[in-house]
Amino acid sequence: MVTFGGTGVMVLAVLAAGVVSALLGLSLRARLGTLSAVAVSGLVWSLAAIAVATLVPTRADVGIVPADSRSDSCSWDYGGPNGAAFEGLGFDQRTLNVLLFVPAGMFLVLAVGRWWSGVVLAPIGLALLAAYSVGVELAQLQLARIDRACDVTDMVDNIVGAGVGFLIGVLLLPLTRPWRGRKPAH
């Protein structure tokens, strides 16, 4: 039986996503300017990190969860059980679910803040981050073999995190001024 998962796999996947995202940022830098390129690559990296953190099994020895023992629906028990698996980091699962989406919300605002259309694109992007959270939870429901659970509390916490990141991004806009973009060639 081939096993896949665990913290080591997650860290390697997030680092690999970081390298790919950094290369994306470098390729966009001349066209968008440094700040916007960093914001776009940061958004791509944070979305990949979310997928890794939520869709890779937490342990390599999980094996296959039999179809008859997997849940057929998402848990609507708001607040649900606290994830003791993450207490070693000093945070409970709910806090980590919030923190996981903060960078995506922040980078989203900074990525679209360069253009006037960002006033429309940013709220649409926030709604898409909420949809991404719902999609992750539904994937966890369907992919029973990864030993994850679909939970409405996770969705709420993720959306709160995206909203917090969004507000941080809005607060950073006047400081970073991404609309300045790159300097025109002489």
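Using UniProt numbering, the first residue of the sequence shown is number 1, and each one after it goes up by one.
The beta-carbon is built from N, C-alpha and C at its ideal position, and this holds for glycine as well.
Predicted model only: the values in this text are computed from it and were never measured.
CB of residue i within 8 Å of CB of residue j, strictly
i: T176; j: L110; result: yes
i: A37; j: L28; result: yes
i: V136; j: T54; result: yes
i: L32; j: V40; result: yes
i: G169; j: G118; result: no
Length of the line joining the Cα atoms of residue i and residue j
i: residue 187; j: T58; result: Because the chain spans 1 through 186 in this model, residue 187 falls outside it and cannot be assessed.
i: F166; j: G6; result: 30 Å
i: G25; j: V98; result: 25 Å
i: F91; j: A127; result: 26 Å
i: V134; j: M155; result: 6 Å
i: P103; j: G113; result: 15 Å
i: G163; j: G125; result: 11 Å
i: residue 187; j: V9; result: Since the displayed the chain opens at 1 and closes at 186, residue 187 lies outside it and no answer follows.
i: L143; j: A149; result: 9 Å
i: L96; j: I50; result: 11 Å
i: W116; j: L172; result: 16 Å
i: L15; j: P174; result: 30 Å
i: A30; j: P178; result: 14 Å
i: V11; j: W45; result: 13 Å
i: L141; j: V120; result: 32 Å
i: G161; j: A139; result: 20 Å
i: V52; j: P123; result: 25 Å
i: M1; j: I159; result: For M1, the predicted model reports a pLDDT of 47, less than 50, meaning its position is unreliable and no value from the coordinates is stated.
Integer-rounded CB distance, given that residue j should sit under 8 Å from residue i
i: F107; j: L129; result: Actually they are not in contact, since the Cβ atoms of F107 and L129 sit about 10 Å apart, beyond 8 Å.
i: A13; j: V56; result: 7 Å
i: R94; j: D157; result: 5 Å
Exercise for the section: Return the chain-ordered ranges of every alpha helix (DSSP H) run that is complete within the UniProt domain "VanZ-like" (91-171) and spans a minimum of 4 residues. Expected result: 93-112, 118-142
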